[in-house]
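Chemist: Supplied in structure tokens, the structure appears directly below.
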Amino acid sequence: MSVVDRLTGRKGADARKTVTFGDASEVRGAPLWSVTSLLFVGLVWWWIKRGPEPIINDRTFPSMRQTWDAFFELVDIGYRRVGLWDHTWASLWRVLKGLVYGVVVGVPVGFAMGLSNRLRGIFDPIVELLRPVPPLALLPLFIVWFGIGEGSKVNLLFFAAVWIMVIAARAGVLGVRGSKVHAAYSLGANKWQILRYVILPNALPDIFTGMRVALGVCWGTLVAAELTGTTTGLGAMIFAASKFFRMDIVVVSIIIIGVIGVAMDLTMRFLEKRLIPWRGKG
Amino acid sequence: MKDLKVDGLGMVYELPKGGSVQALHDVSFDLEAGRLLTLLGPSGCGKTTLLNIIAGFLAPTSGSVTLGGDPITGPGQERGMVFQQGALFEWQSVAQNVAFGPRMNRKKRSETNELVQDLLSTVGLQGFGDKAVYELSGGMQQRVALARCLANDPEVILMDEPLGALDALTREKMQGLILKLWQETGKTIILVTHSVEEALYLGDRLFVMAPRPGRVEREYELPFAEKGLHVDPREMKASPEFIDKREELLSLIWEMEEQIMGHEGAMS
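Just so you know, the sequences run in chain order A and B.
Using the numbering used here, the first residue of the first sequence is number 143, and each one after it goes up by one.
Using the numbering used here, the first residue of the second sequence is number 70, and each one after it goes up by one.
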């Protein structure tokens, strides 16, 4: 397969297949087209802001130039006496805490639900009732309970993460093949060893997938969580800037949130490949 | 070495919609230590149920199984198990899989390592210890499963269609390996199979099982496994005695299948 074929995503180039429509192994994307689509978005942006009387005015949407300048303004002096890095780090730290709490609580609960009928019965109604609740619906309650500051935010993110982790861990436990457990018992393992050396490693791929999903959901919930009661964080920055019609800063924040979201997902995928190479190989 | 004694074994499964299935009815036999018993029969004849009861994964509704006089009440490492496939731990290397039993028993690491190397060369996998199990072919994975089972030095090895997922050529090679291990270790082996040829070639005792209710329909004492250690397997399988026995068994099982079909036809 030539480089050009790979970049443009020409199907069947190396295997000389005659039919490729519906052949999943032939669809891997086309980097050249990805670049083109990004350039096109840029072109649209440039076009709606061109000339002295652009189609969309500065109060509604900034030009690329303004966004670029706003970015360097943020890097240089920050926003409202807080550096860009500090805003970003505040957001990341909240998400990280919420995720870690979610994993620490969710995985044992999920394991319990996958291992015991009684515990499954106890937790099932709680999990099933709370799981569909959008985390933000709980924000008023959480503010009353945990205060307007960090407490309510981290708890909200914990709430967003924990059900995902419960379901993922439970699926991981229930997905263990009976013959693996039987084999381990026949090799002399006791219950604790079955849990530690068979069920846990068997559930790790599912737990990791859960973490990836939870991280994304937390990141998405965060901005709204930072709506009130804080002056730091990318979400707080967006809301503060919007009050002063600093759409350039809003757009920079949105782009940063998007880029970090992608970076986190790529990091998780990389870690997954390194830490759990056996995924899907059972 | 301990003899296995199966006495009046019965197993009834209650069906969720009501009614029940008699998976085993009054199965009794003695198996002296060091024999290789193959279980053959159409699906639903209870051969896997029987194996699972001996392994200790199922408790029979009636009757008992004892090994060297001790009743079997649950799984234990004196009864090793080899499954068809997918029972290896894919998160561990080949060597770690083989070392699993000794590790669960908190054996010394150095002794275990030595044992693992020995076993890997016994099953023809020397040098593969650091590989991941999913990098191995199906046949090699079953070699790992055999080595893992042997690491605990069990009295009895139970094999549930161990070669069922392998292609014909690999299967034949693995049959040779099982015979070799049987000879070298002198272990008692019970092997469940769907293949008439395999049951004949490997079993020095063979039970043909029948369904509804699951039972031992006919017993054979066979010379092929003993001879198979010294004779070319292809020659053996082409010999008139072997072919005679094979045809006899095939028609017996064929008859059973016909009866099942007739029975099911009458029910619907």
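Each residue gets a CB set at the ideal place from its N, CA and C atoms; glycine is no exception.
These figures come from a predicted structure and were not determined experimentally.
How big is the Cα-Cα spacing for G193 of chain A and R388 of chain A?
Modeler: Roughly 21 Å between the two C-alpha positions.
Chemist: Is the CB of M305 of chain B under 8 Å away from at least one CB in chain A?
Modeler: no
Chemist: In chain order, what residues of the region 168 to 197 of chain B put their CB closer than 7 Å to some CB of chain A?
Modeler: F169, G170, M173, N174
Chemist: Against E230 of chain B, what residues of chain A qualify as contacts under a CB-to-CB distance less than 8 Å, listed in chain order?
Modeler: Chain A residues near E230 of chain B: none, gap ~11 Å exceeds 8 Å.
Chemist: Measuring alpha carbon to alpha carbon, tell me which residue in B:P85, B:E101, B:V163, B:I122 is nearest G77 of chain B.
Modeler: B:I122
Chemist: Since K256 of chain B contacts V225 of chain B with CB under 8 Å, what's their CB separation in whole angstroms?
Modeler: 7 Å
Chemist: Please state whether DSSP places V161 of chain A in a helix, a strand or coil.
Modeler: Coil, per DSSP.
Chemist: Alpha carbon to alpha carbon, how far is M70 of chain B from V163 of chain B?
Modeler: 29 Å
Chemist: Quick check on the burial criterion: 16 or more other C-beta atoms within 10 angstroms. Buried or exposed for H229 of chain A?
Modeler: buried
Chemist: Here's a check: name, in chain order, each residue in its chain whose Cβ is nearer than 6 Å to the Cβ of S131 of chain B, leaving out the five neighbours to either side.
Modeler: G79
Chemist: At least one CB of chain A closer than 8 Å to the CB of Q126 of chain B: is that the case?
Modeler: The amino acid occupying residue 126 of chain B in the given sequence is Phe; Gln does not appear at that position. For F126 of chain B, the nearest CB of chain A lies under 8 Å from its own CB, placing it at the interface with that chain.
Chemist: Got a sec, what are the start and stop residues for the beta strand (DSSP E) Y82 of chain B sits in?
Modeler: 73 to 83
Chemist: Just mark Q195 of chain B as buried or exposed, buried being the case when its beta carbon has 16 or more other beta carbons within 10 Å.
Modeler: exposed
Chemist: Relative to the C-alpha of A216 of chain B, which residue among B:F152, B:E101, B:E304, B:I312 is closest?
Modeler: B:F152
Chemist: Restricting to Cα atoms, I'd like to know which of A:G154, A:T209, A:I336, A:S233 is closest to C360 of chain A.
Modeler: A:S233
Chemist: Measure from the C-beta of R148 of chain B to each C-beta in chain A and report whether the shortest distance is under 8 Å.
Modeler: yes
Chemist: Let me know the secondary structure DSSP gives H263 of chain B once reduced to three states.
Modeler: coil
Chemist: Which residue from A:V237, A:P276, A:G291, A:I309 puts its Cα closest to that of F265 of chain A?
Modeler: A:I309
Chemist: Can you check whether the CB of T262 of chain B is closer than 8 Å to the CB of E230 of chain B?
Modeler: yes
Chemist: Shortest alpha-carbon distance to V275 of chain A belongs to which of A:F301, A:I290, A:G289?
Modeler: Distances from the alpha-carbon of V275 of chain A to those of A:F301, A:I290, A:G289 put A:F301 closest.
Chemist: W323 of chain B: buried (16+ other C-beta within 10 angstroms of its C-beta) or exposed?
Modeler: exposed
Chemist: Counting only beta-carbon atoms, is L329 of chain A nearer than 8 Å to chain B?
Modeler: By this cut-off, L329 of chain A is an interface position.
Chemist: Please give me, in chain order, every unbroken run of the alpha helix (DSSP H) with length at least 4 that falls completely inside the region 107 to 188 of chain B.
Modeler: 116 to 124, 163 to 167, 169 to 173
Chemist: Determine the closest residue to S294 of chain A out of A:T209, A:K239, A:L185, with distance taken between C-alpha atoms.
Modeler: A:K239
Chemist: Can you tell me whether M410 of chain A is helix, strand or coil according to DSSP?
Modeler: helix
Chemist: So, does the CB of A201 of chain B fall closer than 8 Å to a CB anywhere in chain A?
Modeler: yes
Chemist: If the cut is a Cβ gap below 8 Å, which residues of chain B does V340 of chain A touch?
Modeler: F158
Chemist: At a Cβ threshold of 8 Å, is P140 of chain B touching chain A?
Modeler: Closer than 8 Å: no.
Chemist: What distance in whole Å lies between the Cβ atoms of L108 of chain B and I259 of chain B, which are believed to be in contact at a cut-off of 8 Å?
Modeler: 7 Å
Chemist: Say whether the region 362 to 371 of chain A touches the region 331 to 339 of chain A, bearing in mind that this needs 3 or more beta-carbon pairs closer than 8 Å, one atom from each stretch.
Modeler: no
Chemist: Can you find the residues in the same chain that come closer than 6 Å, C-beta to C-beta, to G314 of chain A, ignoring five residues on each side of it along the sequence?
Modeler: A345, D348, I349
Chemist: Using a Cβ-Cβ cut-off of 8 Å, state whether K144 of chain B counts as contacting chain A.
Modeler: Sequence check: residue 144 of chain B is Pro here, not Lys. Answer yes: the Cβ-Cβ gap between P144 of chain B and chain A drops below 8 Å somewhere.
Chemist: Is the shortest distance between the beta-carbon of E327 of chain B and the beta-carbons of chain A less than 8 Å?
Modeler: no
Chemist: How is the beta strand (DSSP E) around P91 of chain B delimited, first residue to last?
Modeler: A quick correction: the sequence has Gln, not Pro, at residue 91 of chain B. Looking at the DSSP string, the run of the beta strand (DSSP E) that includes Q91 of chain B is 89 to 100.
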